[in-house]
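Asker: Numbering follows UniProt numbering, with no gaps: position 53 of the sequence shown is 53. Would you mind keeping the following structure in view while I ask a few things?
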Amino acid sequence: MTEATTPPPCPVCGKPMVQAYRPFCSRRCADIDLGRWFTGQYRVPADNDFNDMDENHTRRVDPDEEVG
Ligand SMILES: [Zn+2]
C-alpha cells in the first residue's frame, strides 16, 4: 500500500482532492467552480482581476485633508 502518486490539488482552493468530489476537495469548491463558469469568470484573465484589486487598494483617503 504505497502511494506512488498524490492526487492533484483542488483547483479552487489548492487542498488535496477528495475522491467523492473530484477534482475538488469538497462540494463547496465544486459549487464555486460551477459558479465561476456561470458568471464567466473563467474567461477573465487573472491579470485583469489584479488590476481591479490594485486600484481599490491604492485608493485611500488623504488624512491631511482634515488638517487645518
Ligand atoms: Zn477546494
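In this text, a Cβ means the ideal position worked out from N, Cα and C, and glycines have one as well. If you're wondering where the values come from, they're calculated on a predicted model, not measured in any experiment.
Can you have a look at Cys13 and say buried or exposed, based on whether 16 or more other CB atoms are within 10 angstroms of its CB?
Answerer: Position 13 of the sequence shown, counting from 1, holds the residue named residue 13. Exposed, because fewer than 16 other Cβ atoms sit within 10 Å of the Cβ of Cys13.
Asker: Return yes when the C-beta of residue 74 is under 7 Å from any heavy atom of ligand 1, and no when it is not.
Answerer: Residue coverage of the chain in this structure runs from 1 to 68, which leaves residue 74 outside it and unanswerable.
Asker: If we ignore side chains and look at the alpha-carbon of each, how far apart do Ala20 and Gly35 end up?
Answerer: Your numbering for residue 20 matches position 20 in the sequence shown. Your numbering for residue 35 matches position 35 in the sequence shown. Each residue's alpha carbon lies about 19 Å from the other.
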